[in-house]
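**Student:**
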Amino acid sequence: MSIAPKQARQDHLLRPASLLLFILVVLAVVFAVAWQYGWHGRLAFQESAADAQAQIEGARLMLRSGQYRGAERQLQPLLCNSAHPKYRDARILQWQIAKTEAMAQKSGSPARAHALYALRPMLRSLYALDSWSAAQWRGFAHDAFAIGAYSMSAQAWMAAAQADPDRALADRKAAADAWAAGGDPARGGQILLDLAAQSRDPDQAESLLVEGLRWIEGGAGAKAALVAGQAAMQRHPEWWQKRDLVLLLAHLALSAGRPKLAAQWLHAELLRGTARNKS
Numbered sequence: 394m395s396i397a398p399k400q401a402r403q404d405h406l407l408r409p410a411s412l413l414l415f416i417l418v419v420l421a422v423v424f425a426v427a428w429q430y431g432w433h434g435r436l437a438f439q440e441s442a443a444d445a446q447a448q449i450e451g452a453r454l455m456l457r458s459g460q461y462r463g464a465e466r467q468l469q470p471l472l473c474n475s476a477h478p479k480y481r482d483a484r485i486l487q488w489q490i491a492k493t494e495a496m497a498q499k500s501g502s503p504a505r506a507h508a509l510y511a512l513r514p515m516l517r518s519l520y521a522l523d524s525w526s527a528a529q530w531r532g533f534a535h536d537a538f539a540i541g542a543y544s545m546s547a548q549a550w551m552a553a554a555q556a557d558p559d560r561a562l563a564d565r566k567a568a569a570d571a572w573a574a575g576g577d578p579a580r581g582g583q584i585l586l587d588l589a590a591q592s593r594d595p596d597q598a599e600s601l602l603v604e605g606l607r608w609i610e611g612g613a614g615a616k617a618a619l620v621a622g623q624a625a626m627q628r629h630p631e632w633w634q635k636r637d638l639v640l641l642l643a644h645l646a647l648s649a650g651r652p653k654l655a656a657q658w659l660h661a662e663l664l665r666g667t668a669r670n671k672s
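Letter by letter, the sequence shown follows residues 394 to 672 in the working numbering.
(1) Leaving aside the five residues before and after LEU436 along the sequence, list all residues of the same chain whose C-beta is less than 6 Å from its C-beta, in chain order.
(2) Can you check which of these residues, ALA625, PRO514, ALA495 and LEU522, is closest to GLN591 by C-alpha distance?
(3) Residue range of the alpha helix (DSSP H) that TRP550 falls in?
(4) So ASP536 and TRP550 are supposed to be a Cβ contact under 8 Å. How far apart are they, rounded?
(5) Using C-beta distances below 7 Å, list every residue in its chain close to LYS499, excluding the 5 sequence neighbours before and after it, in chain order.
(6) May I have the straight-line CA-CA distance separating ALA589 from GLU465, to the nearest angstrom?
(7) Are three or more beta carbon pairs between the stretch 544–560 and the stretch 590–607 nearer than 8 Å?
(8) Is ALA571 helix, strand or coil by DSSP?
(9) Classify ASP596 as helix, strand or coil using the three-state DSSP reduction.
(10) Quick one: what's got a C-beta closer than 7 Å to GLY612's C-beta in the same chain, skipping five residues either side?
(11) Around the C-beta of ARG531, are 16 or more other C-beta atoms found within 10 angstroms, so that it is buried, or is it exposed?
(12) If I follow the unbroken alpha helix (DSSP H) through ARG513, where does it start and stop?
(13) Helix, strand or coil for ILE540? Go by DSSP, reduced to three states.
(14) Run the CB neighbour count on ALA646, radius 10 Å, all protein chains shown included, and call it buried at 16 or more, exposed below.
(15) How many angstroms separate the CA atom of TRP658 from the CA atom of GLY605?
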C-alpha cells in the first residue's frame, strides 16, 4: 500500500490547524500591542492615564530646572484635548509655568511688571473653567494677589467661600483685604458689614461693623459710611445699645455735615448711659 495518499491526507488535515494557530498568534500579538498603547476593549485608541501622568510629571521636572519651553511642549498633547481627565491638571501646571517664568524676571523691572500683567488673561481663563475646589480657588487667590490682580484675588476668595461654607468667614475677610489692597477699601468694607450682619457673635459683629465702616469712610467718604451705617443699624436695632457704634455713627454724621443728627444720637446715648448707671 502506498504511503503517498496517507501523507497527503495528513498534510490536508494539518494545513487548516496550522493556519488557525498562525491566526491566533497574530491576533494575540495585535491585542498585546493595542493594550500597551491604550486600547482597553473600546472601539478607539486612547492615551492611557499613566502616559498622561508621565507627561505631567515630566513637565514638572522641566519646570523645576527652568526649562519653561520644554515643559510647555510636554503638556501640549493634554492641552489640546479639553475632554481628557488630566486636562485641568495640565492647565494648572501651564499656569504655574507661566507664573514662575514671569516671577523669574528681575524684581522691580519693567519686564517683570509687563510679564505679571500679561498673566491675567490666562488666570481669567482658568476661572472660566469653574468647578474648582475651595483649596484650588484659594491657590488662585494667592496667585492673583502675588501678580497684583487684586480684584481677581477677591473674586477667587469669594468663590472659595462659596465652595467651603465652614471657612467662609476667613475667605470673605481675605476677599475684603484684597479689595482694600487694590485701592477699593469701600468695597472691602461692605463685605465686612455683610459679615457683621450674619455673625452670631455680638462682639465679632461689632468689630466687623466698626472696621467695615472705617474702611468705607476711608474709601468713599463719611457720607457713604454714614448711609451704610444707618442701613446696618436699621436691620439690627439692637446695635443701638452698643456705645462704641453710636459714637462712631455720631462721628460719621459730624464728618458728613450732619451735626444735628450727631447731637441727636449723642443725646440718646447720654440718656441710656445715665439709665445704665442708675441701674
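Every residue gets a Cβ at the ideal spot worked out from N, C-alpha and C, and that includes glycine.
Owing to the predicted nature of the structure, the values given are computational and were not obtained by experimental measurement.
**Tutor:** Based on what the coordinates show:
(1) Mapped onto the sequence shown, residue 436 falls at position 43. Because the pLDDT at LEU436 is just 34, under 50, the model does not fix this residue reliably, and the value given afterwards should be weighed accordingly. Same-chain partners within the cutoff: there are none.
(2) Looking up residue 591 in the sequence shown gives position 198. Residue ALA625 is the option with its Cα nearest to GLN591.
(3) Locating residue 550 in the sequence shown gives position 157, counting from the first residue. For TRP550, the enclosing alpha helix (DSSP H) starts and ends at 543–556.
(4) Reading the sequence shown from its first residue, position 143 is the one you call residue 536. Reading the sequence shown from its first residue, position 157 is the one you call residue 550. Contact flag wrong, Cβ pair sits at about 12 Å.
(5) Residue numbering aside, residue 499 sits at position 106 when the sequence shown is read from its first letter. Excluding residues within five positions, the ones whose Cβ falls inside 7 Å are ARG505.
(6) In the sequence shown, counting from the first residue as 1, residue 589 sits at position 196. In the sequence shown, counting from the first residue as 1, residue 465 sits at position 72. ALA589 and GLU465: Cα-Cα distance of roughly 46 Å.
(7) no
(8) Looking up residue 571 in the sequence shown gives position 178. Residue state, collapsed to three classes: helix.
(9) For the purposes of this step, residue 596 is identified with residue 203 of the sequence shown, where counting begins at 1. DSSP, read as helix, strand or coil, puts ASP596 in helix.
(10) The residue given as residue 612 occupies position 219 in the sequence shown. Around GLY612: ASP577, PRO578, ALA579 and GLY582.
(11) Mapped onto the sequence shown, residue 531 falls at position 138. ARG531 comes out buried.
(12) In the sequence shown, counting from the first residue as 1, residue 513 sits at position 120. In this chain, the alpha helix (DSSP H) harbouring ARG513 covers 513–522.
(13) Against the sequence shown, residue 540 aligns to sequence position 147. ILE540 falls in the coil class under three-state DSSP.
(14) Here residue 646 refers to the residue found at position 253 of the sequence shown. Buried, because 16 or more other Cβ atoms sit within 10 Å of the Cβ of ALA646.
(15) Indexing the sequence shown from 1 puts residue 658 at position 265. Indexing the sequence shown from 1 puts residue 605 at position 212. Their Cα atoms are separated by approximately 20 Å.
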